[in-house]
Amino acid sequence: MQDISQSSAPILLWFRQDLRLKDNSALQAAIETGRPLTAVYIHDPDSEAEWSPGGATQWWLHHALVDLNQQLEDLGGQLLIRRGDSLQCIQRLIKELAAESVYWNRRYEPIIRGRDAVIKKRLREDGIEVKSFNSALIHEPHTISKKDGTPFKVFTPYWKHCLKQTKDAPVRVELKKAVFLKSAPHSESISSLALLPSISWDEQFYKTWDPTAKGAARLLKTCVSSKLAGYERGRDILDEDATSRLSPYLHFGQIGPRQIWEAVKAKDNGEKGTYRYLAEIGWREFSYALMYHFPHTSTEPLRPEFADFPWESDKQLMTAWQTGQTGFPVVDAGMRQLWKMGWMHNRARMITASFLVKHLLQPWQDGARWFWDTLVDADLASNTQGWQWTAGCGADASPYFRVFNPILQGEKFDPNGDYVRRWVPELTGLPNNLIHTPWEADAFALADAGIVLGRDYPFPVIEHAAGRARALKAYGLFKATTKK
DNA sequence: TTTTGAGTTGTTCGA
DNA sequence: GTCGAACAACTCAAA
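The numbering of the first sequence is my numbering, which starts it at 228 and goes up by one.
Pasting the structure below:
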C-alpha cells in the first residue's frame, strides 16, 4: 500500500443510513485529511435481501436523498447516485476518480455487516484505504457488555450500565473546509431509482412529514423546548402530539442519537420526562445490541423454545388486521393511521401488535413484516425487538398473562375517542361511552350514529374475553409442554 | 459458586 | 369507584 497520509488523491465518501452533514464522523474524517472528496449513494437493494427497504421507507429515502444532494450542491458538491452491486460500484468509482480511500459510517444489520466486511477486505486487497466510523449509535454494540463479557439481555441493567459510560459529543463537521472533487462522473438521477410509488398512496405522507434535515432539526427543537416536560404524561395519549416523531429521521441518519442526546441534556432539569425520553433512545441502542449479538432474531425468536409456539396462521384475520377492520376501534385506528401516515403512535403499536399476536394468534413475524413494509421508520433492530417483546419470545419478555385489553387501552389512552374518530370516521357519531365498544351500542344509539354494524363497521373478529382466554391457554399449555 | 433481587409499557378480581 | 393482590415461574445480573 502506498503512503496514504501523503496522498492528495480523492476520498470516496459512501453515504448509507447516515444521510446528514452534521455529526457525521466519516465526513469529518475525510475533511480533516484536506483531500478532495466525492459523495456517493449506492442503491443496492439486492444486497439487503429480504430486508431491502419497504414501500414506505423507499418513499422517505427518495426525499432524504434529494435533500442531501441539495445540501451538498449548496456547498459546491453533489451526491452521486449509482445503482447495482455495492462493491462493483465502488470499484468502478475508484477507477473513475482515481480515488485511494473509501470512508463510510457503519451499519449493524447482520446482512449488511457481512456485505460490508467483504467489501472492506476486497478493497484493502486492492491497496485501497478503507475506514469505517460510528455515527449511528451512542454506544456501539461491541463496546457494551456485562462483567463476564457476555451481552446484556435485560434493558434496565443494560441502560444503567450505558448511563455510566462516557459519551462522545456530536462531531463538529467543518463543512467550510470541505473540498469537493470538481470533475463530475456519471450519476444516475434519484428518480430513476423508482423509490416513489407508482400509484399515489403517499398523499397523506406529504401532509404529515417533512423528510429533510431541516424537518429533523425543527422536530428536535420542538421536542426539547416543549415536549419533554409533558412527555411522561403525554407520551401514551394516542391523539396527542407528545412524542418526538424523530424515528424516521433516526432510521436514515438525518439526525443522529449523539445530537439528540446533547440537545436533550442541555435542557435537562431533572424532569422525569427527560429521563424517560432518553430511555427511548436507550431502547433503540439496546435493540441494535440485541440484533448485533443475536443476528438470527429478525426471523427467529430469541428464546428458542418459542420456535414451536402453536400459532394459528389465518389469512383472513391477517387481512382484517392489516386493513383496520377488526371491529376493535382502537386497533383499527392504529392500523389505519399506519396505512395513511406510514407511522403509528408507539402505544398503538403495542396495542395492535398484542392484538395480532395474542387475540388472533398470528405469528409475530407476519406482523413484523407488515410493519416493515408500511412504516416510514421501519428499522430492523427496533422492529424486531418490539415484536419479540410483545410476543413474549424476546429479551425482557412480558409475562405471558399480559394481554392488552383493546377496550381498556382505548378508554385509558384515548378517553374522548379523538384518535378513533380521526382514523375510523365511520364511528364519529357514537357517544364517548360507546366509541371503544360499538358492539355494545343498542339499536337507538347505532341509528343515531348512522351505523349499521356489519355494513358500515365490522363486528369484532373475536370477542375480547374469548380471545384473551384462548391466548392464555395457548401460552399456558405451551409453557407446560416445553418445560420438560 | 451461590444467593438475592429485579424485571418498560397489563388485566382482572374481589374487598 | 379505588386499591392491592394474583396472575407463575423463570431468567438475568450482580454481589
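Idealized CB from N, CA, C, for every residue including glycine.
| query | Taking DSSP as the reference, what is the three-state secondary structure of Phe242? | reply | strand
| Do you know whose CA, among Gln552, Ala547, Gly480, Arg596, lies nearest Ser525's CA? | Arg596
| Is the number of C-beta pairs between the stretch 310-325 and the stretch 342-349 that are closer than 8 Å three or more? | yes
| Minimum C-alpha distance to Phe360 - residue among Ser252, His586, Lys322 | Ser252
| said: Measuring straight from C-alpha to C-alpha, what distance separates Lys585 and Gly694? | reply: Their backbone Cα atoms lie some 7 Å apart in a straight line.
| field | Stretch pair the stretch 401-421 + the stretch 280-297: three plus CB contacts closer than 8 Å | value | yes
| request: Can you check the stretch 334-416 for any alpha helix (DSSP H) of at least 4 residues that lies completely inside it and give the ranges in chain order? | output: 337-352, 382-391
| From this set, Ala444, Gly500, Ile426, which residue's C-alpha is nearest Gly461's C-alpha? | Gly500
| said: Quick check: the Cα distance between Met228 and Gln549, rounded to an integer number of angstroms? | reply: Since pLDDT at Met228 reaches only 48, below the 50 mark, its modelled position is unreliable, and the value read off the structure follows with that caveat. The straight-line gap from Cα to Cα measures roughly 55 Å.
| task | Tell me whether His413 is buried or exposed, calling it buried when 16 or more other Cβ atoms sit within 10 Å of its Cβ. | result | The residue is exposed, with fewer than 16 neighbouring Cβ atoms inside 10 Å.
| query | What separation, rounded to the nearest whole angstrom, lies between the Cα atoms of Asn643 and Val398? | reply | Near 45 Å, if we compare the C-alpha coordinates of Val398 and Asn643.
| What do you reckon, are the CB atoms on Ala668 and Thr655 nearer than 9 Å? | Cβ distance not < 9 Å, so Ala668 and Thr655 don't count as in contact.
| said: According to DSSP, is Leu717 part of a helix, a strand, or is it coil? | reply: A question about residue 717 goes unanswered here, because the residues of the chain that appear run from 228 up to 711.
| message | Check whether the stretch 478-489 and the stretch 670-686 touch, using three or more Cβ-Cβ pairs below 8 Å as the test. | response | no
| field | Beta-carbon contacts of Ser274 that lie in its chain and below 8 Å, excluding the five residues immediately before and after | value | Asp312, Ser313, Ile338, Ile339, Arg342
| said: Beta-carbon within less than 6 Å of Gly281's beta-carbon, same chain only, minus the 5 sequence neighbours each way: which residues are those? | reply: Same-chain partners within the cutoff: Trp599, Asp600, Ala605.
| query | What span of residues does the beta strand (DSSP E) with Asn332 cover, start to end? | reply | First-last of the beta strand (DSSP E) with Asn332: 328-332.
| message | According to DSSP, simplified to helix, strand and coil, what is Ile317? | response | DSSP, reduced to helix, strand and coil, places Ile317 within a helical segment of the structure shown.
| task | For the beta strand (DSSP E) holding Val267, just list the boundary residues, first then last. | result | 264-270
| query | Pick from Tyr515, Leu477, Val558, Glu512: whose alpha carbon is nearest that of Thr439? | reply | Leu477
| task | Could you tell me which residues DSSP pairs with Arg309 in its beta bridges? | result | Ile269
| Helix or strand or just coil, what does DSSP make of Gln552? | coil
| request: Could you check if Tyr504 is buried or exposed, using at least 16 other CB atoms within 10 Å of its CB as the buried criterion? | output: buried
| said: Quick check on the DSSP output: the alpha helix (DSSP H) that includes Lys499 runs from which residue to which? | reply: Here the alpha helix (DSSP H) through Lys499 covers 499-520.
| message | According to DSSP, is Ser540 part of a helix, a strand, or is it coil? | response | coil
| request: Starting from Glu523, follow the alpha helix (DSSP H) in both directions and report where the run begins and ends. | output: Sequence check: residue 523 is His here, not Glu. Careful: His523 lies outside any alpha helix (DSSP H) and carries neither H nor E.
| query | If we call anything under 9 Å between Cβ atoms a contact, is His572 one with Tyr646? | reply | yes
| message | For the pair the stretch 550-570 and the stretch 626-637, tell me if three or more CB-CB distances fall below 8 Å. | response | yes
| query | Of all the options Leu587, Asp535, Tyr433, which has the alpha carbon lying nearest to the alpha carbon of Thr546? | reply | Leu587
| Contact set for Leu246: own chain, Cβ-Cβ below 6 Å, skip 5 residues either direction | Ala291, Leu295, Phe479, Gly480, Gln481
| Val267 to Leu307 span [Cα, whole Å] | 4 Å
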